[in-house]
Amino acid sequence: GQLPYTASKAEIGLHFAGCVGGGQRGIKSVRLLTDKTTGQGRGIAFVEFPHKDAVDEAVKLDHSSMGGRRIRVERTAKGAGNKGSRQDNLKRLKQEQSTESLALLDAEIDAVLAESAPGGLCRG
Numbered sequence: 187g188q189l190p191y192t193a194s195k196a197e198i199g200l201h202f203a204g205c206v207g208g209g210q211r212g213i214k215s216v217r218l219l220t221d222k223t224t225g226q227g228r229g230i231a232f233v234e235f236p237h238k239d240a241v242d243e244a245v246k247l248d249h250s251s252m253g254g255r256r257i258r259v260e261r262t263a264k265g266a267g268n269k270g271s272r273q274d275n276l277k278r279l280k281q282e283q284s285t286e287s288l289a290l291l292d293a294e295i296d297a298v299l300a301e302s303a304p305g306g307l308c309r310g
């Protein structure tokens, strides 16, 4: 979400081209949501990857920049509507993503702290 309204399928594909999983790079498909009247993008797309590991890489691009906008990258569950099982799946996936994001942040903080000089002063 939060994609530039002018983003094309090709631009979205390029943004996620580095996502690798199962020895495969890139995306399988992009479904770009558009306004039915104007045909203009709504800032939302669904990107399908050939392997689960590529999805894990794509989620790391959450809050990355595309076309001058900070985009949202989240997992989604297959299916449409608000069925209970789909909603439960979405909650589980968002919790997993949140846990993974916190773990990445902790690792980055640990790396910065490891590079600091004794006494907590960073090297210059």
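No gaps in the numbering here: position 4 of the sequence shown is 190 in our numbering, and each next residue is one more. Backbone N, C-alpha and C fix where the C-beta goes; we use that ideal spot for every residue, glycine too. These numbers were taken from a predicted model, which means no experiment stands behind them.
Please name the residue or residues paired with Gly227 in a DSSP beta bridge. Its beta-bridge partners are Thr220.
If you draw a straight line from the C-alpha of Leu218 to the C-alpha of Ala289, how long is it? 30 Å
Which of helix, strand or coil DSSP assigns to Glu301: coil
Please report the distance separating the alpha-carbon of Ser251 from that of Ile198. Approximately 11 Å, taken between the alpha carbons.
How would you label Gln188, buried or exposed, when you count the other beta carbons within 10 angstroms and need 16 or more for buried? exposed
What does DSSP give as the partner residues of Val206 in its beta bridges? In DSSP, Val206 forms a bridge with Arg211.
Could you check which residue in Thr220, Glu301, Thr262 has the C-alpha nearest to that of Arg228? Out of Thr220, Glu301, Thr262, Thr220 has the C-alpha closest to the C-alpha of Arg228.
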